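Take a look at the structure below.
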Amino acid sequence: MISYEVQQFGTQLAKTERETPRPEGRQVLLRVLATGVCHTDIHIWQGGYDLGGGEQLSMAARGISPPLTLGHEIVGEVLATGPHAETVSLGRRYLIYPWIGCGTCKVCLRETEQVCTSPRYLGIMQPGGYSDHVLVPDSRYLIDIGDMPAEQAAPYACSGLTVYSALRKINPAVLAEEPVVIFGAGGLGLMAITLLDVLGGAGAVVVETDATRREAAVAAGAIAAIDPLVPDFADQVKNAAGGNVWAVLDCVGAAQTVQASLDLLVKGGQFIQVGLLGGRIQIPTPVMPLRSISYHGSFAGSLPELQDLMTLVGQRPPLAIPTCCRPLETASAALNDLEHGRVVGRLILQPHQHQSSLES
Numbered sequence: 020m021i022s023y024e025v026q027q028f029g030t031q032l033a034k035t036e037r038e039t040p041r042p043e044g045r046q047v048l049l050r051v052l053a054t055g056v057c058h059t060d061i062h063i064w065q066g067g068y069d070l071g072g073g074e075q076l077s078m079a080a081r082g083i084s085p086p087l088t089l090g091h092e093i094v095g096e097v098l099a100t101g102p103h104a105e106t107v108s109l110g111r112r113y114l115i116y117p118w119i120g121c122g123t124c125k126v127c128l129r130e131t132e133q134v135c136t137s138p139r140y141l142g143i144m145q146p147g148g149y150s151d152h153v154l155v156p157d158s159r160y161l162i163d164i165g166d167m168p169a170e171q172a173a174p175y176a177c178s179g180l181t182v183y184s185a186l187r188k189i190n191p192a193v194l195a196e197e198p199v200v201i202f203g204a205g206g207l208g209l210m211a212i213t214l215l216d217v218l219g220g221a222g223a224v225v226v227e228t229d230a231t232r233r234e235a236a237v238a239a240g241a242i243a244a245i246d247p248l249v250p251d252f253a254d255q256v257k258n259a260a261g262g263n264v265w266a267v268l269d270c271v272g273a274a275q276t277v278q279a280s281l282d283l284l285v286k287g288g289q290f291i292q293v294g295l296l297g298g299r300i301q302i303p304t305p306v307m308p309l310r311s312i313s314y315h316g317s318f319a320g321s322l323p324e325l326q327d328l329m330t331l332v333g334q335r336p337p338l339a340i341p342t343c344c345r346p347l348e349t350a351s352a353a354l355n356d357l358e359h360g361r362v363v364g365r366l367i368l369q370p371h372q373h374q375s376s377l378e379s
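Its first residue numbered 20, the sequence shown is counted upward by one per residue in our numbering.
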């Protein structure tokens, strides 16, 4: 089995070769077909999150240490199963739910494993998809993708699931009647635009500094894509949203985007943050109740939500976001390109594949 590992935070990934594992119990071994390169991979590769004020949340503080194999947006083909694995077929292609919890605590039993306090996330706590094989602890985490291309299905395990779970937290009446303001038109933001359409939302107004990504946002169906650096940025956003901003989804998570989001909201509005870029803000405590605004942090999504999402996109296929496929051995270069803003849409790593792209 060939993998590309983080052996030291902040350094180039190392190619490693070891014996391919044999599944036991309920485990399933899959040949990796496609793995998305996510911004979370950058945080893990760098070794921490920026908390602002010179502070950092280290991976060590989260119980994460090298060596580790990144990659949590994974589609694979089943090669072998343990003797107790259920409901999977050899040779079938599956999307893998990576946000695996301990499986026994109250949180996991409530089917919200993504917020388990003793997680076993693939690509973070357990070896992930920057490899030609991946071992999944239980067949229940596999979702059949039918005829969907592997490179199209893979991002739904994180970017798709994350924004789907976040959008579902918005008041349904607001979602149906008011455009959602989305900060960021990277993989998360573009996915949110397309899923808003599938969910019957009133549309998206996108805020993005990069001109190429603004163009991609409009191509994906955004009502408008606005540069936050222009002097009348707030007025432009409110006008595009119909006069008031009722819901904001922040796919960036920088101090500037969080503050701008809160400033834009009308009384009674909702702010949902999924981005993790980093920083720190100050909120006067009387503001929250006086304005009746909500600030909701949302992390990934549950297994039932991913199952629902894949059923939904199977029935009502959304517009595919731009996708660029690269060979697995270019994993380090892919991380560098994503870190430095040279990516529009999603990068996909594929073992033994030549570079190609899907643009739509």
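Where is the CB? At the ideal position from N, CA and C, for every residue including glycine.
Fair warning: this is a prediction, and the values are worked out from it, not measured in the lab.
> If you run the structure through DSSP and keep just helix, strand and coil, what is isoleucine 162?
Replying inline: If DSSP states are grouped into helix, strand and coil, isoleucine 162 belongs with the strands.
>> So, for aspartate 327: in the same chain, excluding its five sequence neighbours on each side, which residues have a beta-carbon less than 7 Å away from its beta-carbon?
In response: If we look at aspartate 327 and ignore the five residues flanking it on each side, it has no Cβ neighbours.
> Is DSSP giving tyrosine 175 helix, strand or coil here?
Replying inline: In this structure, DSSP gives tyrosine 175 a helical state, which the three-state scheme calls helix.
>> Using C-beta distances below 6 Å, list every residue in its chain close to glycine 147, excluding the 5 sequence neighbours before and after it, in chain order.
In response: Within the same chain, glycine 147 has close Cβ partners Thr88, Leu89, Gly90, His91 and Leu141.
> Hey, which unbroken runs of the alpha helix (DSSP H) at 4 residues or more fall wholly within the segment 74–108?
Replying inline: For the segment 74–108, not a single whole alpha helix (DSSP H) run of length 4 or above is found.
> When DSSP labels each residue in this structure, what does phenylalanine 252 get in the three-state scheme?
Replying inline: Look at phenylalanine 252 here: in three-state DSSP terms it is helix.
> Taking Cβ positions, are serine 137 and cysteine 121 nearer each other than 8 Å?
Replying inline: Their beta carbons are under 8 Å apart, which means serine 137 touches cysteine 121 by this criterion.
> The alpha helix (DSSP H) with arginine 232 in it runs from where to where?
Replying inline: For arginine 232, the enclosing alpha helix (DSSP H) begins and ends at 230–238.
> Does the segment 267–274 touch the segment 242–255, meaning 3 or more C-beta pairs lie closer than 8 Å?
Replying inline: At 8 Å Cβ cutoff, the stretches do not touch.
>> Strictly by DSSP, which residues pair up with lysine 34?
In response: DSSP, once it has assigned bridges, lists Tyr23 as partnering lysine 34.
> In the DSSP assignment, what are the bridge partners of histidine 371?
Replying inline: DSSP lists no partner for histidine 371.
> For threonine 39, which three-state DSSP category applies?
Replying inline: DSSP places threonine 39 in coil when its eight states are reduced to three.
>> Helix, strand or coil for lysine 188? Go by DSSP, reduced to three states.
In response: It is coil, neither helix nor strand.
> When DSSP labels each residue in this structure, what does alanine 53 get in the three-state scheme?
Replying inline: Three-state result, alanine 53: strand.
> On the premise that glutamate 24 lies in contact with valine 322, defined as a C-beta separation below 8 Å, what is that separation, rounded to the nearest angstrom?
Replying inline: It should be noted that the sequence gives leucine, not valine, for residue 322. About 27 Å separates the beta carbons of leucine 322 and glutamate 24, which is beyond the 8 Å limit, so they are not a contact pair.
>> Considering only their Cβ atoms, is the gap separating leucine 296 from alanine 273 smaller than 8 Å?
In response: Between alanine 273 and leucine 296, the C-beta spacing is below 8 Å.
> Got a sec, what are the start and stop residues for the alpha helix (DSSP H) leucine 296 sits in?
Replying inline: That residue, leucine 296, is in no alpha helix (DSSP H); it is neither H nor E in DSSP.
> Nearest CA to the CA of alanine 243: which residue from Ile212, Glu38, Gly219 and Thr181?
Replying inline: Looking at Ile212, Glu38, Gly219 and Thr181, the one whose alpha-carbon comes closest to that of alanine 243 is Ile212.
> Can you name the residues that DSSP bridges to tyrosine 314?
Replying inline: Phe290.
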